[in-house]
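Each residue of the sequence shown is one higher than the one before, counting from 14 in our numbering. For each residue, glycine too, the CB sits at the ideal point set by N, CA and C. A quick write-up on the structure given underneath.
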Amino acid sequence: MAQQQSQPRPKLEQLHRFGGKVVIVTGAGSGIGAATARRLSQEGANVVIADITDDKLAATRADLPAERTLARATDVSKFDQVQALVEAAVQKFGRLDVIHNNAGVVVQGKVDEASLDDWARILAVNVSGVFHGARAAIPHLLKTKGSIVNTSSVSGLGGDWDLSFYNASKGAVANFTRALALDYGKHGVRVNAVAPSLTFTGMTQDIKNDPKLLAKFAERIPLGRGAEPEEIAAVVAFLASADAGFITGVVLPVDGGVSASNGQPAQG
């Protein structure tokens, strides 16, 4: 019997899952947000990118087609700014199909070491920012039967040393995602989250630059490495697309196998 030849993987433009769709990505100035904006634009989306300042958006905006891109400085911790972002997207492109609530910050330190200001800031960005995005977007997503994809973390599924503030915020995102999925599924709006492990962004540059620490992470990740932002963006694109049309309420680990372990060390 002749062997079946493997089919070439389609180019992103050929997938075109987001042709005519309108997508908002927060935290789009770098890392996962920038990679997601590029991915969705390559698949045909009109992309609205947001970050805390215009300067942070410049590099991402330069990679995207001007006629299908809107960039807007937005502080996601402020509901009025997020609402203005959503309204600007609808005004320019006529609809809203997806919001990727991705903006986030990290604070290290034990609960008696990090400051009260740190606690307030991480909740304002990581938790309230996701809430603000959902609240502002849902009236429009109800019209388009659209979807929300939030960025949680494996740190929202289990604890870390010296990251209790971050753990609390990402755990909140994970369960908020599940609750939204229950509330809006019957209205045709899907809500999911990605939960990355170590991903090579500006936030993790110190880890990448420390060979000993990087080796410790690689030892705990079955695939033996951290992720590139584009690998997380590919999963965001899947969850946002019609290919995931029967998936909602999922907090999907994109972690190289970290969550497959019960925590015991490798033997041999």
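Query, Result
"Neighbourhood of Val111 by C-beta, 6 angstroms cutoff - its chain only, sequence neighbours within 5 removed", "Val36, Gly159, Ser160 and Ala253"
"Closest residue to Gly44 among Arg81, Thr164 and Ala58 (Cα-Cα distance)", "Thr164"
"Ranges of the beta strand (DSSP E) found wholly within the segment 29 to 111, counting only runs of at least 3", "35 to 39, 59 to 64 and 82 to 86"
"Leu176 versus Val124 - alpha carbon distance", "9 angstroms"
"Cβ contact check for the segment 67 to 79 and the segment 115 to 123: 3 or more pairs under 8 angstroms", "no"
"The segment 176 to 189 touching the segment 226 to 246, judged by at least three CB pairs closer than 8 angstroms", "no"
"Beta-carbon separation (whole angstroms), Asn139 vs Gly117, contact threshold 8 angstroms", "5 angstroms"
"Cβ contact check for the segment 206 to 222 and the segment 245 to 260: 3 or more pairs under 8 angstroms", "yes"
"Extent of the continuous alpha helix (DSSP H) run through Leu188", "It should be noted that the sequence gives Asn, not Leu, for residue 188. Ser177 to Tyr197 is the span of the alpha helix (DSSP H), which, as asked, contains Asn188."
"Supposed contact pair Ala48 and Leu70 - C-beta distance, whole angstroms, cut 8 angstroms", "That pair is no contact at about 14 angstroms."
"C-beta atoms of Ala147 and Gln96 nearer than 8 angstroms", "no"
"Residue from Val267, Asn205 and Phe259 whose Cα sits closest to the Cα of Pro235", "Val267"
"Neighbourhood of Val263 by C-beta distance below 7 angstroms, restricted to the same chain and skipping five residues each side", "Asn205"
"Residue environment, Gln55, which counts as buried when at least 16 other CB atoms sit within 10 Å", "buried"
"Secondary structure of Ile234, DSSP reduced to three states", "coil"
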